[in-house]
Amino acid sequence: YLIKPVREEQLVPTLEMALGRYKSDAQLREKMAELEQSLEDRKIIQKGTGILMELYSISEVEAYNRIRTLSMNKQISIIETCNLIIKQSNKSNNI
Numbered sequence: 005y006l007i008k009p010v011r012e013e014q015l016v017p018t019l020e021m022a023l024g025r026y027k028s029d030a031q032l033r034e035k036m037a038e039l040e041q042s043l044e045d046r047k048i049i050q051k052g053t054g055i056l057m058e059l060y061s062i063s064e065v066e067a068y069n070r071i072r073t074l075s076m077n078k079q080i081s082i083i084e085t086c087n088l089i090i091k092q093s094n095k096s097n098n099i
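Residue numbers (this note's numbering): 5 to 99.
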């Protein structure tokens with residue numbers, strides 16, 4: 005905040021402070037978006053893992069290892085693999 009009348013010696017430090025706060029806020033928004041995406045990814049992985057656990061009566065670790073191996077073999081991300089598993093499961097359930 006600037007107190008009127010505005011003096012030149014106050015203007016530069018105030019602008020620098022405002023710019024610093026803007027940059028800090030931008031970094032926080034970016035970090036928040038990353039965390040939200042990470043949470044969404046985790047939910048997808050959990051769902052894909054759960055489907056395999058139920059389908060093959062295997063542990064969570066084994067299901068995740070199968071997803072990871074399939075992802076490496078197909079050269080796609082774990083998220084993509086889980087989305088494919090979920091999509092296929094939904095198709096199977098709708099028949």
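Every residue gets a Cβ at the ideal spot worked out from N, C-alpha and C, and that includes glycine. Given the structure is predicted, the values throughout are model-derived calculations rather than measurements.
The Cβ-Cβ distance between I80 and G52 does not fall below 8 Å. By the neighbour-count criterion, in which a residue is buried when 16 or more other Cβ atoms sit within 10 angstroms of its Cβ, T73 is exposed.
For the pair D29 and I83, the CB atoms are not nearer than the 8 Å cut-off. Looking only at V65, G54, E66 and S61, the smallest Cα-Cα distance to N87 is reached by G54. Distance from the CA atom of S63 to the CA atom of N94, rounded to whole angstroms, is 21 Å.
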